[in-house]
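My numbering numbers the first residue of the sequence shown as 2 and each following residue consecutively. Ideal Cβ positions, reconstructed from N, Cα and C, are used throughout, including at glycine. A short write-up of the structure that comes next.
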Amino acid sequence: MFIYIYINIASKGNRKVVEMLVKAGALLNRTTKDGRTALYLAVQEGHIDMAKYLADIYPEAIAQPTKSGRLPVQAAASLMHETAAYEITSHLLSLAPSSVLTHRDHSGRNLLLDAAVSQNLKILKYLLDQGADPNDRDALGRSIIHHAAMVGHLNVLRLLESVPNVQWDAPDSWDSWTALMHAARQGYLDIICYLVETIRVDKDHKDKHGRDAQEICKRLLNLLGRTFVLT
């Protein structure tokens, strides 16, 4: 019971109480039933001071995964609050082994993909500067460009424009869809235009069913009563 009270207090961000519990012998490697440590919960709630404190006194927790394979630093990169995300992520990485940068959870997601989905551009730039690979794939063979195209994050794609060796035409391993195809499926015309006109991606790639991006886009736009032509 003592362990769970301590972990719960950590998630609330009450540093003074946690410091007292640590001095009383609270074990920093104990977890909730799903494998989250006190550090993970503090990070998840965006408590900057608490997260830094727990990481400083027990850095081993930075590389301690949950049962789904998630690390505290991935929770940090997923935070919607940009300042908290950057401060916690950069601090944890400064204390962590280099392997954390390329760690994947059980779905194949890594830090870069987490930051891309949450549109943390500052974190993305930081991770890329630290050597993160923009072409890393998840379990479905989707990289950061696939995910950005799927959720309509044009700002993420623009950030990657200046990054060398990004594989803009790489197909995923599920249906052999490229980023352009995912954007076409979702109807993100701004991303379609950007990929075709600025990046000059391959418009003629065909998926496992023999369809190209034009056909995928047409099916969606026909349902919406709209027209669009890839030129």
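If distances are taken between C-alpha atoms only, which option among the options comes closest to residue i?
i: A180; options: P165, S100, I200 and T90; result: I200
i: Y59; options: L80, V74, N30 and L72; result: N30
i: A78; options: H107, Q120, S100 and Q65; result: Q120
i: A97; options: D106, D173, L160 and L72; result: L72
i: R37; options: G14, Y127 and Q65; result: Q65
i: I49; options: I89, D139, V19 and S174; result: I89
i: S95; options: Q131, A27 and K204; result: Q131
i: S174; options: A140, E216 and A85; result: A140
Give a yes or no on whether the C-beta atoms belonging to residue i and residue j are separated by under 8 angstroms.
i: G153; j: Q187; result: yes
i: A56; j: I63; result: yes
i: L125; j: A117; result: yes
i: H147; j: H183; result: yes
i: D176; j: D137; result: no
i: Y195; j: L155; result: yes
i: A171; j: S144; result: yes
i: I193; j: L158; result: no
i: Y237; j: S91; result: The requested residue 237 does not occur in the structure, where the chain is confined to residues 2 to 232.
For residue i, which residues does DSSP report across the bridge?
i: T32; result: T38
Hey, residue i and residue j are a contact pair by Cβ (cut 8 angstroms); roughly how many whole angstroms apart?
i: R41; j: T67; result: For clarity, residue 41 is Tyr in the given sequence; the question names Arg instead. Correct: roughly 7 angstroms between the Cβ atoms.
i: W178; j: V202; result: Their Cβ separation, rounded to whole angstroms, is 12 angstroms, which puts W178 and V202 out of contact at 8 angstroms.
i: L112; j: L102; result: 6 angstroms
i: G70; j: D106; result: 4 angstroms
To the nearest angstrom, how far is the alpha carbon of residue i from that of residue j?
i: K123; j: E162; result: 15 angstroms
i: G109; j: S100; result: 15 angstroms
i: R212; j: V74; result: 39 angstroms
i: V44; j: D134; result: 24 angstroms
i: E61; j: C218; result: 48 angstroms
i: P165; j: M21; result: 49 angstroms
i: L190; j: N15; result: 46 angstroms
i: A25; j: K17; result: 13 angstroms
i: M2; j: A39; result: With a pLDDT of 44 at M2, under the threshold of 50, the modelled position of this residue cannot be trusted; read the value that follows with caution. Roughly 14 angstroms separates the two Cα atoms.
i: T32; j: K13; result: 16 angstroms
i: L80; j: E216; result: 36 angstroms
i: V1; j: A76; result: The shown model of the chain, from 2 to 232, leaves out residue 1, and the question about it has no answer.
i: E83; j: V167; result: 24 angstroms
i: H210; j: L28; result: 54 angstroms
i: A85; j: D35; result: 24 angstroms
i: V23; j: A149; result: 41 angstroms
i: K204; j: M151; result: 17 angstroms
i: A214; j: H104; result: 32 angstroms
i: E198; j: L93; result: 39 angstroms
Does the ligand GTP have a heavy atom nearer than 7 angstroms to the CB of residue i?
i: L161; result: This structure does not include the ligand GTP; it has no bound ligands of any sort.
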